[in-house]
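Note sheet for the following structure.
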Amino acid sequence: MQPKHLRQIFLWPALIGLLTGTGLVIALIDDQWLETLSLGALGVPIIVIFYIYFFVNRMRR
Amino acid sequence: MNIRSLKTWAWLHKWSSLVCTAFMLLLCLTGLPLIFGHEISHWLGTEVEAPDLPANTGTASMDAVLANAKALYPSRVVQFVFRDIDEDKTWTVSLGKTATSEDDTKFVQVDSRTAKVLHEPKFNEGFMYVMFKLHVDLFAGFAGMLFLGFMGLLLVIALISGVVLYAPFMRKLEFGEIRKNRAPKLKRLDTHNFLGVVTLIWALVVATTGIINAWSDLVIKYWQFDQMSTMTAPYKGLPPPTRLASLQAAVDTAQAREPGMRLGFIAFPGTDFSSPHHYGMFMRGDSPVTSRLFKPVLIDAQTAKLTDSREVPWYLATLLISQPLHFGDYGGLPLKIIWLILDLITIVVLWTGLMLWWKKRHDHLAELPSAARHSLSKA
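Those protein sequences? They're chains L and H, same order as listed. Residue 32 in the working numbering sits at position 32 of the first sequence; the count goes up by one each step and never skips. Residue 65 in the working numbering sits at position 65 of the second sequence; the count goes up by one each step and never skips.
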């Protein structure tokens, strides 16, 4: 495997971080549909963890 | 990145996290029940719900609410009258030995529609109180708060240095790749890196807002010095009122001043949130943000007339907004569950980090005798 560039290394962490940050802030602004959207955004890191840890890594094996 | 700067970052990551890990584990563990504080108190029976009454039931006079609470402890001084953000059926009255005493405070929960006493919550004892104190100040007051704030700062340094170190470790790995079939330390390292980087922003936000909260006492003291003293300047040197005006009349004055807001809590004369001459009426807005930003309205405690009202300054606003971002209590039960899972994942990150260090140290020590033997045979 070719060594990865910084951009490749941080692409997914940055996207997940952006979603988490947005989710944390928009739930403060609105308690109607934006709150639902925010919960979805905040759920992303959890889903990613469970999906990759238990599913993708099993496939890799 | 060259080897030297990599070593510096590794040193920073190792020591910033080692020093704070034990306290962070404690904060994560005590934080778990605090996320569900309401639910647990309800379940333990330390919290009661007001009965359902017909929708057209009016509200009782605040004077009656106050009188019924005071009747239980006639020798005590009323400090605050408050309610939770989502509570509209009750008021809780706190009564202390003096206006500012913090030990042995009595709390009386009163139905806001009938003025009947419902319950005497014990906020200063029991399981949740112990969790709260361990989480906030380690039972060491202001010094404990500042100490935990400093531990939070170390955590922020550990998180940032962790991100810097993430790159060199991931150059030949896919995102989220866990080398489960190799040495246990590689699995531990990959798990630590993966869980750490995915929960990074949440952990940074919770750590930063925790640090801000650790300074809350100082922020409030500064606000009193900066704003309260100028608002109450005309009263300086005057003797405190001997008879207080009707609380309901004072509430009505505050409500007339801020008709779009609702009363969040009342600070009685002489407490830290008012002056010896005033009722401090703290009003909430109705959006998730403005409901956290209390607007103070000072009412003359003798005449029930308005003295002054000001917007909260930026530093107090920062403190008030940082609280929900730390507690995770602004999106109902789903957000609390997200907080719970992210907290548990953070415990795994802390634990795997600690184990990585411990095993490495252990291996290093195990190697020492042979290395020593080797150098001896050479000699």
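Every residue, glycine too, gets a C-beta built ideally from N, C-alpha and C.
Under the Cβ distance rule, LEU42 of chain L counts among the residues neighbouring chain H, one pair being separated by less than 8 angstroms. In the DSSP secondary-structure assignment, HIS278 of chain H is bridged to H:ASP300.
The residue from H:LEU118, H:GLY353 and H:TRP351 with its alpha-carbon nearest to that of ALA69 of chain H is H:LEU118.
With a threshold of 16 other beta carbon atoms within 10 Å, GLY237 of chain H falls short and is exposed.
Cβ atoms of GLY196 of chain H and HIS13 of chain H stay farther apart than 8 angstroms, at about 11 angstroms. Listed along chain L is no residue with a C-beta nearer than 8 angstroms to that of PHE147 of chain H; the closest approach is about 26 angstroms.
Residue burial is scored here from C-beta neighbours: PHE225 of chain H has fewer than 16 other C-beta atoms within 10 angstroms and is therefore classed as exposed. The shortest CA-to-CA distance from TYR279 of chain H to any of H:ALA183, H:THR307 and H:SER287 is the one to H:THR307.
The beta carbon of TRP12 of chain L sits closer than 8 angstroms to some beta carbon of chain H.
The residues THR30, in chain order, have a CB closer than 6 angstroms to that of LEU134 of chain H in the same chain once the five nearest residues on each side in sequence are set aside. A residue is called buried when at least 16 other Cβ atoms come within 10 angstroms of its Cβ; THR21 of chain H meets this threshold and is buried. The DSSP-derived three-state label of LYS236 of chain H is coil. Assignment of ASP52 of chain H by DSSP, reduced to helix, strand and coil, places it in the coil class.
Between HIS192 of chain H and TYR235 of chain H, the gap from beta carbon to beta carbon reaches 8 angstroms or more. Taking LEU316 of chain H as the centre and dropping the five residues before and after it, the same chain places the C-beta of VAL219, ILE220 and TRP223 closer than 8 angstroms to its C-beta, in chain order. Here ILE201 of chain H is not near ASP190 of chain H, since their CB atoms are 8 angstroms or more apart. Contact with chain H is found for LEU24 of chain L, since one of that chain's Cβ atoms lies less than 8 angstroms from the residue's Cβ. Residue contact with chain H for MET1 of chain L: present (Cβ-Cβ distance below 8 angstroms to some residue of chain H). ILE157 of chain H and ILE341 of chain H have their C-alpha atoms roughly 23 angstroms apart. Among the residues of chain L, those whose CB is under 8 angstroms from the CB of ARG171 of chain H are PRO3, LYS4 and ILE9, following chain order. Taking C-beta atoms under 8 angstroms as the contact rule, ILE40 of chain H and LYS336 of chain H fail to qualify, at a distance of about 11 angstroms. Per DSSP, ASP111 of chain H is one residue of the beta strand (DSSP E) stretching across 106 to 111. The alpha carbon of PRO33 of chain H has as its nearest neighbour, out of H:MET131, H:ARG310 and H:LYS116, the alpha carbon of H:MET131. For the set H:PRO168, H:PHE127 and H:ALA115, the Cα lying nearest the Cα of GLY45 of chain H is the one of H:PHE127.
Chain-ordered, the chain H residues with CB closer than 8 angstroms to the CB of LEU39 of chain L read GLY331, PRO334, LEU335 and ILE338.
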